[in-house]
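Protein chains in written order, with the working numbering: chain Y, 166 to 452; chain S, 166 to 452; chain U, 166 to 452.
Data block below; observations after.
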Amino acid sequence: MVERRVRIGELARRTGVSPDLLRAWERRYGLLAPVRSDGNYRLYTPADEARVSAMKARVEAGVPAGEAARIVLAEPVLPGAADFTAAAGALGTALEDFDDAGSHAALDALLSGFGFETVAREVLLPYLRRIGERWERGETTVAQEHFATVVLRGRLLGLARGWDRGTGPRAVLSCAPGELHELGLILFGLALRGQGWRITYLGADTPLDSLTAASRSLQPAAVVVVALTRGRLEAVRAELGVLAGEAPLWLAGAGVDAELAEACGARPLHGDPVAAAAELAGAALPV
Amino acid sequence: MVERRVRIGELARRTGVSPDLLRAWERRYGLLAPVRSDGNYRLYTPADEARVSAMKARVEAGVPAGEAARIVLAEPVLPGAADFTAAAGALGTALEDFDDAGSHAALDALLSGFGFETVAREVLLPYLRRIGERWERGETTVAQEHFATVVLRGRLLGLARGWDRGTGPRAVLSCAPGELHELGLILFGLALRGQGWRITYLGADTPLDSLTAASRSLQPAAVVVVALTRGRLEAVRAELGVLAGEAPLWLAGAGVDAELAEACGARPLHGDPVAAAAELAGAALPV
Amino acid sequence: MVERRVRIGELARRTGVSPDLLRAWERRYGLLAPVRSDGNYRLYTPADEARVSAMKARVEAGVPAGEAARIVLAEPVLPGAADFTAAAGALGTALEDFDDAGSHAALDALLSGFGFETVAREVLLPYLRRIGERWERGETTVAQEHFATVVLRGRLLGLARGWDRGTGPRAVLSCAPGELHELGLILFGLALRGQGWRITYLGADTPLDSLTAASRSLQPAAVVVVALTRGRLEAVRAELGVLAGEAPLWLAGAGVDAELAEACGARPLHGDPVAAAAELAGAALPV
DNA sequence: ATAGGTTTTGTCAAGCTTTTGTACAT
DNA sequence: ATGTACAAAAGCTTGACAAAACCTAT
């Protein structure tokens with residue numbers, strides 16, 4: 166295993182603790198003992214990052230720095246998977262570090278210790294939200310977001326294997342034409358699968374006629390179209406209306422509102438993907 | 166295989182890294198070792214391009230260039246395609262070595278690459294069969310088998326989480342009293358879940374009154390009792406008869422034959438757990 | 166366990182009692198006896214915070230300060246949590262109803278909100294104790310207990326994933342031959358993992374030769390054997406003596422007493438699984 | 001409650017070194 | 001293409017400082 170090591174400035178950026186303070190914590194409390202590069206630069210590992218984050222959290226909670234350091238140092242270096250927040254933090258760190266193996270390990274720990282819905286709601290959705298916000302503020306690099314997306318999508322699709330089998334009601338899922346963000350849609354599908362539904366997944370940027378063809382051929386109990394911006398749906402408002410005439414159509418995502426849904430003859434889903442899946446499962450069955 | 170090779174300008178254009186910098190990375194960190202053309206031009210392969218992209222992504226994420234190069238060079242050029250037999254072999258080795266984490270990693274590789282039913286049929290069932298044969302021949306249990314059973318059981322129960330949700334028919338699964346081998350029953354449950362059923366799992370060594378109580382409370386579409394030896398079932402033949410009177414009872418495992426099942430008023434299931442699950446799903450639904 | 170301690174200002178902010186008054190209560194009534202830091206600062210524990218809150222509530226209710234202090238000092242310190250009891254109750258209900266998914270959801274809520282050790286101590290151990298008492302009184306097993314045990318076991322083994330990784334000392338855990346109650350052993354393993362140990366888990370009903378083989382192959386810092394009844398251990402007393410000769414052997418569970426342990430050349434562990442893990446971690450390390 | 005002294009802790013400065021992308025001459 | 005050079009950015013160490021928080025005693 167090759168350690169991912171960063172210098173003090175990067176650690177400072179990631180943790181929000183200034184380089185000066187990091188050095189002070191090292192000098193005064195022995196909080197960190199980074200190895201040095203040839204040029205005598207400090208090199209920090211992800212475990213160090215976890216320590217600093219823990220320290221910072223305690224200090225912000227009002228614990229004196231010296232005490233916080235004592236506590237952090239007394240804790241085992243490797244927290245067991247039994248610790249939810251630690252595992253969630255490890256996932257974030259691994260994704261930031263382009264650490265493919267580490268990301269998978271952290272996800273494994275989370276998913277084997279906790280239910281999928283909890284992991285989705287408490288870890289994955291907040292992470293997606295954070296990426297979105299950072300992207301808006303221009304803080305995250307394209308490469309980083311891309312890496313995280315690829316890792317998560319691959320992993321979630323792995324979980325999704327065989328999700329179209331069984332005897333439950335069937336749902337056909339797609340992103341609106343032009344809409345490329347599909348992680349939320351996959352989470353939605355997995356949550357719905359957890360309720361016993363069968364999923365037919367068409368993925369990102371699905372042309373409306375593909376969707377209509379699938380709908381005609383499968384006669385699903387629900388057709389779901391997701392869009393993060395309103396424009397994507399308005400552009401195909403007419404076709405959606407046609408589709409709604411022949412299948413139970415649901416619209417989801419931030420680009421949806423009640424007015425638009427009604428205009429299409431569709432029904433809106435609300436909230437995050439996990440909540441929306443519960444809403445659909447509750448509402449569609451009695452029909 | 167003839168490599169498609171490009172010159173430095175083209176590589177720079179593709180990766181967004183200037184030619185000067187590419188040369189600097191080669192000189193300082195040995196990141197690349199391109200072959201030379203007749204005119205002493207550098208010629209790069211797709212693997213080189215992958216290296217440069219990985220390097221660039223890390224540097225943009227804040228990792229110092231020297232560190233990034235060290236990491237990129239330490240990684241295998243192409244992450245080996247998941248090879249089924251290799252992963253299966255790794256699983257066997259890890260289980261022999263009492264290596265919990267290694268076993269999980271191997272199982273992860275198998276399950277993320279090949280789907281549950283394949284893994285069950287090609288790896289887990291043969292393993293169970295081998296244990297069963299040894300046991301039949303009266304060979305003393307090999308020490309590692311105990312560990313392996315515990316690891317696999319924990320892992321499969323992890324896959325099983327939430328398997329009673331949904332709208333499908335419900336099955337209540339149990340081992341006969343005294344029967345401790347439950348791996349097969351878990352595989353059976355997972356295969357049945359794959360068919361859309363809901364599973365209530367009572368596990369090894371289930372007292373008959375526990376089973377009867379669960380059956381009354383849940384009114385399942387099937388109650389399944391497993392035993393590897395005939396004696397376990399004969400010992401509770403009377404109670405099984407009572408249970409069969411109030412619920413659809415199925416018997417499975419090597420300890421079952423048609424005569425015994427009939428005598429109890431139950432129906433037999435045949436073959437390995439995956440096959441038996443298919444049989445139950447096919448036979449129980451039309452009822 | 167490392168205490169989280171705060172200084173007087175933070176305690177004042179948290180309780181709404183001024184630093185001056187806190188010092189006065191200490192001087193006049195001996196309400197608190199905080200330890201001092203190197204620089205002679207007072208350091209308060211969460212128990213102190215509970216005391217101050219109780220004191221404040223009484224004073225505001227009109228009780229004279231001296232009287233209030235006397236009452237508070239006579240009371241045991243117990244921090245309560247309403248959220249916690251609600252989630253614990255939901256778990257109990259779901260387990261009673263054979264509701265697998267509901268049980269997992271309740272466990273998710275507990276584990277992600279309160280941390281493993283708290284949940285173990287406040288929910289799971291009392292549950293085990295209740296089962297144990299019923300069993301001792303010879304009451305027939307309630308059907309639900311069987312289901313509950315299976316669910317909890319699967320869940321805890323999920324949390325245990327990867328618990329043999331890391332660099333800490335290694336422990337090999339097993340139930341004595343014939344001993345089928347393994348929930349306590351898993352809790353013990355998880356608590357020990359929380360102390361930084363690596364765990365190799367052999368589970369219920371472990372033949373002595375399996376245990377010996379694992380011990381020889383892994384050379385652990387501790388081998389632990391659990392039994393709830395004394396007979397299980399006496400039946401293998403000779404083999405335990407041999408094992409104790411080649412590895413540090415510890416015995417735990419209600420079936421252990423000092424005399425028996427000494428006769429085997431082993432050392433006894435006391436109290437519930439979490440306490441026993443702390444005992445082992447404290448005693449085995451200096452060796 | 002105030003006064004006067006001590007401890008804690010985040011921040012800064014000066015002077016020097018290392019890293020790393022880019023530039024230029026041959 | 002090669003080899004050398006350069007300069008901006010980032011780091012290192014030592015030492016110090018000052019605001020906030022805390023102590024005791026009156």
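Ideal Cβ placement from N, Cα and C applies to all residues, glycine included.
As the structure is a computational prediction, the values presented were derived from the model and not from experiment.
- For A270/U, the chain Y residues whose Cβ falls inside 7 Å of its Cβ are G280, in order along the chain.
- DSSP places P184/Y within a helical segment (H, G or I) once states are collapsed to three.
- When secondary structure is reduced to three states using DSSP, R363/Y falls in the strand class.
- Residues of the region 316-331 of chain U with a Cβ closer than 8 Å to any Cβ of chain Y, in chain order: G323, L324, A325, R326, G327, W328, R330 and G331.
- Distances from the CA of V407/S to each of L416/S, G430/S and V217/S were compared; the closest alpha carbon is that of G430/S.
- Within chain S, the C-beta atoms nearer than 8 Å to that of Q309/Y come from A222, E225 and A226, in chain order.
- Residue contact check for E232/Y against chain U: a CB pair falls below 7 Å.
- Cβ contact annotation for V237/Y (same chain, cutoff 8 Å, sequence separation greater than five): L196, R216, A219, M220 and R223, in chain order.
- Looking only at D265/Y, G278/Y and E232/Y, the smallest Cα-Cα distance to A251/Y is reached by G278/Y.
- In the three-state reduction of the DSSP assignment, R335/Y falls in the strand class.
- Under the three-state reduction of DSSP, P413/S is assigned to coil, being neither helix nor strand.
- For F353/S, same chain residues with a beta-carbon under 8 Å away, outside a window of 5 residues either side, are L338, V389, V391, A417, P438, V439, A441 and A442 in chain order.
- Considering only L275/U, V315/U and S268/U, the residue with the shortest C-alpha distance to G368/S is V315/U.
- Contact annotation: in the region 196-215 of chain Y, residues whose CB is within less than 8 Å of a CB in chain S are S202, Y206 and L208.
- With its beta carbon at least 7 Å from every one in chain S, E444/Y lies outside the interface.
- For the pair of segments examined, the region 285-295 of chain Y was found not to touch the region 346-363 of chain U: the number of CB pairs separated by less than 8 Å stays below three.
- When Cβ pairs closer than 8 Å are counted between the two stretches, the region 167-186 of chain S is seen to touch the region 198-214 of chain S, the count reaching three or more.
- Chain-order list of chain U residues neighbouring G418/S: empty, with the shortest C-beta distance near 18 Å, by a criterion of under 7 Å.
- Residue-level contact check: F353/Y does not touch chain U, since none of the beta carbons of chain U fall below 7 Å from its beta carbon.
- With distances taken between CA atoms, T394/S lies nearest to L425/S out of S375/S, L425/S and D203/S.
- The residue among V288/Y, A308/Y, R193/Y and L414/Y with its C-alpha nearest the C-alpha of T180/S is A308/Y.
- In the three-state reduction of the DSSP assignment, L208/S falls in the strand class.
- DSSP places P438/S within a helical segment (H, G or I) once states are collapsed to three.
- Within the region 250-271 of chain Y, no residue places its CB atom closer than 7 Å to a CB of chain U.
- For the pair G333/Y and G359/Y, the CB atoms are not nearer than the 7 Å cut-off.
- Counting along the chain, the unbroken beta strand (DSSP E) around V388/S starts and ends at A387 to V391.
- Within chain Y, no C-beta atom comes nearer than 9 Å to that of Q384/S; the closest sits roughly 18 Å away.
- In the three-state DSSP reduction, P433/U falls in the strand class (E or B).
- Taking the beta carbon of R170/Y as reference, the chain S residues within 7 Å of it are E232, listed in sequence order.
- Within a 10 Å sphere around the beta-carbon of A266/Y sit fewer than 16 other beta-carbons, which makes this residue exposed.
- At a C-beta separation below 7 Å, R178/Y has these neighbours in chain S: G227.
- For the region 334-368 of chain Y, residues whose beta-carbon sits nearer than 8 Å to a beta-carbon of chain S comprise P334, G359, Q360, G361, W362 and R363.
- In summary, the residues of the region 378-409 of chain U whose CB is separated from some CB of chain S by less than 9 Å are A378, A379, S382 and L383, in the order they occur in the chain.
- Taking the Cα positions, D213/U is about 40 Å away from W300/U.
- Bounds of the alpha helix (DSSP H) holding R318/Y are V307 to L324.
- With a threshold of 16 other beta carbon atoms within 10 Å, E232/S meets it and is buried.
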